[in-house]
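*Asks:* The sequence shown maps to residues 1 to 163 in UniProt numbering. Even for Gly, the Cβ is constructed at its ideal location relative to N, Cα and C. As the structure is a prediction and not an experimental result, all values here were calculated from the model. Got a structure for you, questions after.
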Amino acid sequence: MADRAEAGSAVPPPRPRPLDAIDLDILQMLQTDGRASIRSVAERVHVSRANAYARINRLIEDGVIRGFGARVDHERAGQGTSAYITLKIVQNSWRSVREQLRQLPGASHIALVGGDFDVLLLVHTPDNRALREVVLTRLQAMPEVLSTRTLLVFEEEDLEPQG
Numbered sequence: 001m002a003d004r005a006e007a008g009s010a011v012p013p014p015r016p017r018p019l020d021a022i023d024l025d026i027l028q029m030l031q032t033d034g035r036a037s038i039r040s041v042a043e044r045v046h047v048s049r050a051n052a053y054a055r056i057n058r059l060i061e062d063g064v065i066r067g068f069g070a071r072v073d074h075e076r077a078g079q080g081t082s083a084y085i086t087l088k089i090v091q092n093s094w095r096s097v098r099e100q101l102r103q104l105p106g107a108s109h110i111a112l113v114g115g116d117f118d119v120l121l122l123v124h125t126p127d128n129r130a131l132r133e134v135v136l137t138r139l140q141a142m143p144e145v146l147s148t149r150t151l152l153v154f155e156e157e158d159l160e161p162q163g
């Protein structure tokens with residue numbers, strides 16, 4: 001079982017900050033359209049452009065907004081095979097495993113979890129042959145990985161707001 005704490009971490013995680021209704025509206029709007037202009041955000045939430053700009057910057061600085069990006073249709077992008085892979089790992093090896101998983105081709109989400117396994121990994125690959133390569137050659141070659149289980153995704157849907 002993996003170590004669940006980041007032992008020796010010098011900086012405690014930041015405390016969540018309360019979000020008011022305007023902040024929540026801004027977040028919803030930016031989740032729907034990450035390219036929305038400051039002007040359109042300000043008009044939508046009924047604040048000045050300066051206020052909208054300051055609020056968005058504060059949300060970024062506070063880590064509430066982690067970035068802006070595109071939602072990708074993996075199948076249309078040539079990554080037609082997706083799978084969740086569960087891993088049991090050696091105790092206290094989470095940080096090392098996480099760094100190795102970040103380098104894995106096709107890895108799109110990594111989570112340390114509690115339960116019957118330690119890590120949940122989402123990968124997108126061009127086909128089953130590439131998925132087999134990831135699991136049998138890359139993951140099972142990591143000395144910290146004790147076992148894996150692969151759950152093939154037949155269909156998926158992004159539940160985030162649609163733009």
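For Thr-86 versus Ala-130, is the C-beta distance shorter than 8 angstroms?
*Replies:* As a position in the sequence shown, residue 86 is number 86, starting the count at 1. As a position in the sequence shown, residue 130 is number 130, starting the count at 1. Taking 8 angstroms as the Cβ cut-off, Thr-86 and Ala-130 do not qualify as a contacting pair.
*Asks:* Tell me which residues share the same chain as Pro-14 and place their Cβ nearer than 8 angstroms to its Cβ, disregarding the 5 neighbours each side in the sequence.
*Replies:* Position 14 of the sequence shown holds residue 14. If we look at Pro-14 and ignore the five residues flanking it on each side, its Cβ neighbours are Asp-62 and Gly-63.
*Asks:* Which residue marks the beginning of the beta strand (DSSP E) containing Ser-108, and which one marks its end?
*Replies:* As a first step, residue 108 is located in the sequence shown; it is residue number 108 there, counting from the start. 107-112 is the extent of the beta strand (DSSP E) around Ser-108.
*Asks:* Are there 16 or more other CB atoms within 10 angstroms of the CB of Asp-20, so buried, or fewer, so exposed?
*Replies:* Numbered from its first residue, the sequence shown carries residue 20 at position 20. Exposed: under 16 other Cβ atoms inside 10 Å.
*Asks:* Would you call Thr-32 buried or exposed, if buried means 16 or more other Cβ atoms sit within 10 Å of its Cβ?
*Replies:* On the sequence shown, residue 32 is found 32 positions in, with the first residue counted as 1. Per the 10 Å Cβ criterion, exposed.
*Asks:* Under a three-way DSSP split, which group does Gly-8 fall into?
*Replies:* Within the sequence shown, the letter at position 8 stands for residue 8. Note that Gly-8 scores 47 on pLDDT, short of 50, meaning its location in the model is unreliable and no value can be drawn from it.
*Asks:* If you check the beta carbons only, do Ser-40 and Lys-88 fall under 8 angstroms apart?
*Replies:* Here the question's residue 40 lines up with position 40 in the sequence shown. Here the question's residue 88 lines up with position 88 in the sequence shown. Their beta carbons are not under 8 angstroms apart, which means Ser-40 does not touch Lys-88 by this criterion.
*Asks:* Does the CB of Leu-59 have a neighbour CB from chain C at under 8 angstroms?
*Replies:* Checking the listed chains, one finds no chain C in this structure; it contains a single protein chain.
*Asks:* Return the CA-CA distance between Arg-44 and Glu-99, expressed in angstroms with no decimal places.
*Replies:* In the sequence shown, the residue the question calls residue 44 occupies position 44. In the sequence shown, the residue the question calls residue 99 occupies position 99. Using only the alpha carbons, I get a separation of about 41 angstroms.
*Asks:* What is the DSSP secondary structure of Val-93, counted as helix, strand or coil?
*Replies:* Sequence index remark: in the sequence shown, residue 93 carries index 93 (1-based). It is worth fixing the name first, because residue 93 is Ser in this sequence and not Val. In the structure shown, Ser-93 sits in coil (DSSP, three-state: anything other than H, G, I, E or B).
*Asks:* Would DSSP call Val-47 helix, strand or coil?
*Replies:* One-based indexing of the sequence shown puts residue 47 at position 47. Coil, per DSSP.
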